[in-house]
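For reference, the structure is listed below as structure tokens.
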Amino acid sequence: MSKGWVQRWWNKVSARSGDARSGLPHTGTLAGTKSQEVRPWMDLQALMLIRSLELRVQRMVQGLHRGLHRSVRRGHSAEFAEYRPYSPGDDLRHMDWRRMARTDRPFLRKYEEESDWGCLVVADLSASMSFGTTGYSKADYARTLAGTLATFLHGQGDPVGLLRFAAGAGELVPVAHAPRQMARWWSLLAAEPSGSTGLRVALEEARRILRRPGLVVLVSDLLVPSEDWAEALRLLRAARHEVVVFEVLDPQEIDFNFEGDTHFVGLEDARRLDLDAPRARLGYVNRMQVHREAVAASCARESVLFWSVRSDAPLEPLLREAITAIARRRQQSGGASASQGRLP
Amino acid sequence: MSFLSPWFFLGLLAVGAPLVAHLRRLSVKNRVAFSAMDFLEPLPPKKARQRWEDIALMVARIGALGLLAFAFARPYVKKSGPVSGVPASEHRRLVVLLDTSASMRRAGFFSEARDSVRQIASSLTDSDEFELLGFDRIVRPVLSFEIWRQTPAGERSGLLNELLARTDPGWAQTELGGALKFVADRAARDAMEEPVEVVVVSDLQEGSRLAKLQGQQWPKNFHVRVVQLPLKSPVPDDGISLHWLPPDAETASVEAPIKIQVTAAPGFRGDRVKLVLDGLHPREWMVPVSAGKTRSVTVPGPAFDFGYVRVSEASDFVSGVWVSRLPQKRALVALGYTGDLKDPSSTRYFVHRAVNALGEARVEVVAGENLAPERDADVGLWISNAAASPEWNLRMRSAVEKGALAILTLEDVSRAGSVGALFGEVWDVKEAPVSDFAILGEMDRRHPVFAPFKTPQFSDFSGVRFWHYRRIVLPKDSSTRVLARFEGGDPALLECALGKGRIYVWTSDWRPQDAQWVLSSRCVPFLAGCLEMAAGGRAPFLVTTPGESFALPEGTTGLLGSDGMRLPAVGPRGTVDQPGVFALEPSGGIAVVNVAREEGRLAALPPEKLKDLGVPIAKPNGEGRQRASGSPLSAEVLLSEEIEAQQGGWRWLLGVVLVLLTLETWWAARLSSVSKHPAL
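So the sequences go chain by chain: S and D.
In short: position in the first sequence from 1, add 44, done, that's the numbering used here.
In short: position in the second sequence from 1, add 490, done, that's the numbering used here.
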């Protein structure tokens, strides 16, 4: 009897402590595990209070630059951008000796960066993403995550596109590095979540859009069976795309700490269910655990960078870790920019 | 069954909460728009047993809340009989100790005390026994058991009212410990089997003396209850109390200033207070004070004999104090020197001035030629030289034999022999050979004439030079005592007993050409010491409190108060019941009577202090007083409170509630565990 009591207690502790300790396999590092190393730029709740997605993303990018001491991208393109006064420690190779001879003051030359490694962010804005018990929805969290990552990549010179999907193939901001690229992003991401999750179709569409090997970033709650979209993921990888998956879940979707008799209404369909939540909790948690393990296993099988994220976890450590991991993958896959290694 | 606080039944409204919660649980559900519906599965419906368990839980919660409200209403079963945890018996034996100390003189206190006593007495039945004792320093019977028994039941109330009306608080200190000890010892001595209830009706101020309760053995069936006044509301401790610092009657000078301690209560608001001296020399002055601090101040202005110092515009007894200077006797000094009073070369000139330096208030100096024979008996001190006339010597000797003192100085050898003859002795007297000067080398400092020189500050006589003196060789069997000697060993001052009195003989004259003595600062104190001896010491000076017994000086016939009231002295000890300054007749001494300082500590003493001292307290009335706030407690309410406290039903009910809630918690946890883990 005591063993059963201990087991129940352990189950409860495991469930409450989140998936980081629940034994889920994953290829990347789960969000929040390194959150104590660098103090977040901004409190998540405070960040989410900013209504404008663009402003919110700008704040996040500031934080990211603060944490990352040097760019993951190196080298310069042939397109001259501007001069910058020399500071001790700067690379002397980039100094403009001619201007120094003219002005007797040292200057560095700066160049526009160029990249042909296209990045497509596949953002899930199905109705299930509107769920949220943390004061904001999963969709808000996913928008911020995707927008920040895209802004960062865009700032590095990468062409960044967006595929917003729900039930169908979704809407697209083409992969490009245009000055107004991000403005289109904000417009597309502003849509309210609706419809069911057509993940398989979205991944197939992404494969079709990205003709050359690039980066596919999937931000979704992945609340559909992994069998439905595992083949599409495999095909993406077969097309030599690097894939990054962020599984965004609300804490209640993981812990299921509802009280008393509860009337559940499906967000993506018309299903209704009356349940005694405490009684239903164990079965739900077990089924959710099995599902998430299956998702993680699918991602691991395809060597996909995978992060399972609670929507109350700080974004900044997650993004910093993801950017570093993406850069590493990029170097391994030879997807560095054409300008790398070139000197003006 | 009755209830002490029936309004707590309003708490029964709370039993609706579990009921509403239960009904809401049955009908209304939380609505959640959920994203992961694929992971939810329908549950089997609750079994009938679970429903019943839910209902049983609801009933347990309702029961717990209902019992809680019931307990807070403080139920009790009405019954006639004793109160305060006193075992039941056929009739009660109730002793009421009524505080009549000075602190009860505060406005409204004693009338409230009378009401409390009446209320207590009204709860008695005809067969109950009742005794009313007043106490301050001592215990006084107001209404004894005997008179209570003898009085018809219908007339007891009237008798009590009459006796209470005749009882007033005095000025004495509160000796609560002694009063309780008296009642307890009497109960133990009488070996009463019946329980004794003692009700103390008092303000229970902080200055109440409780020392006698230490180690007190309390008899069985002895119970004490305290009715602490005021019942209506606490009295703020924000006054000024005065305390006189009397001078030391033995060592202090009669000119010593009068000092007063001014104490400001912690609640005092202000930074200064105006003091007023009432009496023959009235005056007013301001004294800076701080809340909670004590400072000593000296009464300013010219000297006065006695008076009443009080805080201006304050009527409380602690805000006034009687003060007095040390009394002084006026002695008659007869000077037998001849010669011109204005001639600086004569001894009379200097001695007259030295004696007058003692002050007109203390001495009356009479020249020998002016001294009428009928006043011989009044003369305390005779001072002359050996050259006085035989008639003078005869009168002096006669007076000394009756108790007077005399000082003789030897101005030459020729007359010295006659001095020894006064005592029936033959002295060998010669002129001492003094090469330069002589000084006093040895003296009996314990002798009263040298009492003023006890302290080292005044004990140095090396500066007093003697150029001429007479060497006296006393016979071996002489009864004459040498009080001081010169450095060479020759006697300087002799003491000769004669009848009841004494004669002091200086072997030198006091003329400046013979010695510096009369010019030195030692001469006047020496004369003062002699005067005190002549008067039989200092005038008595007594400092006491009302009701405190003190030893009367021998021969005292009465005490004359400053208000003209005369108290006859009976026996060797006396007692004064009220504050004031009293002259002791006929010695001229003074007795100053002030309310004891402890009585001025008016802050309320917690009744628990008595419990700490082992007093078998049945129930302090602290709770009742707070609840009453504004209206005096009726006897019925007091009785109900006591019965309820005695039965303590609420404690049992709270116990049941705790058990019920424990069971409910355990049961609910079990049900919750089963519902969360149905597979287990």
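For each residue, glycine too, the CB sits at the ideal point set by N, CA and C.
Treat the numbers as computed from the prediction; the structure is a model and nothing was measured.
Closest by C-alpha distance to residue 108 (chain S), out of S:339, S:192 and S:127, is S:192.
The C-beta of residue 526 (chain D) comes closer than 7 Å to at least one C-beta of chain S. One thing to note: residue 697 (chain D) has its Cβ within 7 Å of the Cβ of residue 1089 (chain D). Taken atom to atom, the span from the alpha-carbon of residue 1130 (chain D) to that of residue 494 (chain D) is near 7 Å. Comparing alpha carbon positions, the residue from D:701, D:919, D:968 and D:770 closest to residue 792 (chain D) is D:770. Within the model, the alpha-carbon separation for residue 814 (chain D) versus residue 943 (chain D) is close to 26 Å. Taking residue 980 (chain D) as reference, the option from D:923, D:564 and D:949 with the minimal CA-CA separation is D:923. A contact is defined here as three or more CB-CB pairs under 8 Å, and the stretch 1070-1086 of chain D meets this definition with respect to the stretch 1045-1059 of chain D.
Here the alpha carbon of residue 207 (chain S) sits roughly 5 Å from the alpha carbon of residue 166 (chain S).
The beta carbons of residue 590 (chain D) and residue 626 (chain D) sit closer together than 7 Å.
For the stretch 183-205 of chain S, the set of residues with a beta-carbon nearer than 7 Å to any beta-carbon of chain D is empty. Within chain D, the residues 524 and 527 have their CB atoms less than 7 Å from the CB of residue 310 (chain S), given in chain order. Counting C-beta atoms within 10 angstroms of its own C-beta, residue 948 (chain D) has fewer than 16 neighbours from the protein chains shown and is therefore classed as exposed. Assignment of beta strand (DSSP E) within the stretch 594-629 of chain D, counting only whole runs of 3 or more residues, yields 619-625 in chain order. Burial of residue 1023 (chain D) is indicated by the presence of at least 16 other C-beta atoms within 10 angstroms of its C-beta. Comparing alpha carbon positions, the residue from D:968, D:1137, D:779 and D:1006 closest to residue 730 (chain D) is D:779.
If you ignore the 5 residues before and after residue 1070 (chain D), its C-beta comes within less than 7 Å of the C-beta of 812, 1051, 1052, 1053 and 1083, all in its own chain and listed in chain order.
Distance from the CA atom of residue 226 (chain S) to the CA atom of residue 204 (chain S), rounded to whole angstroms, is 9 Å. Residue 276 (chain S) and residue 335 (chain S) have their C-alpha atoms spaced approximately 18 Å apart.
Spatial neighbours of residue 492 (chain D) in its own chain (CB-CB distance under 8 Å, excluding positions within 5 residues in sequence) are listed in chain order as 565, 566, 567, 568 and 1130. Straight-line spacing of the CA atoms in residue 331 (chain S) and residue 551 (chain D) works out to 36 Å. Between residue 264 (chain S) and residue 356 (chain S), the gap from beta carbon to beta carbon reaches 7 Å or more.
Identification of chain D residues near residue 297 (chain S) by a Cβ-Cβ cut-off of 9 Å yields 524, 525, 526 and 529, ordered along the chain.
The residue among S:312, S:150 and S:105 with its C-alpha nearest the C-alpha of residue 211 (chain S) is S:312.
Counting along the chain, residue 184 (chain S) sits inside the alpha helix (DSSP H) bounded by residues 182-199. For residue 243 (chain S), no CB of chain D lies under 7 Å from its own CB, so it is not counted at the interface with that chain. The residue among S:138, S:327, S:246 and S:288 with its C-alpha nearest the C-alpha of residue 373 (chain S) is S:288. Taking each of D:647, D:673, D:699 and D:737 in turn and checking the Cα distance to residue 707 (chain D), the smallest one comes out for D:673. By the rule that beta-carbons nearer than 7 Å mark a contact, residue 175 (chain S) touches chain D. In the three-state DSSP reduction, residue 715 (chain D) falls in the strand class (E or B). When DSSP reads this structure, residue 729 (chain D) sits in no beta bridge, so it has no partner.
Runs of beta strand (DSSP E) with 3 or more residues, each lying fully within the stretch 796-869 of chain D, are found at 796-801, 810-814, 821-825 and 853-857, listed in chain order. Between residue 693 (chain D) and residue 599 (chain D), the C-beta spacing is below 7 Å.
The DSSP-derived three-state label of residue 981 (chain D) is strand.
Nearest CB-CB separation between residue 178 (chain S) and chain D: not below the 7 Å threshold. Between the stretch 796-809 of chain D and the stretch 1005-1020 of chain D there are fewer than three C-beta pairs closer than 8 Å, too few to call the two in contact.
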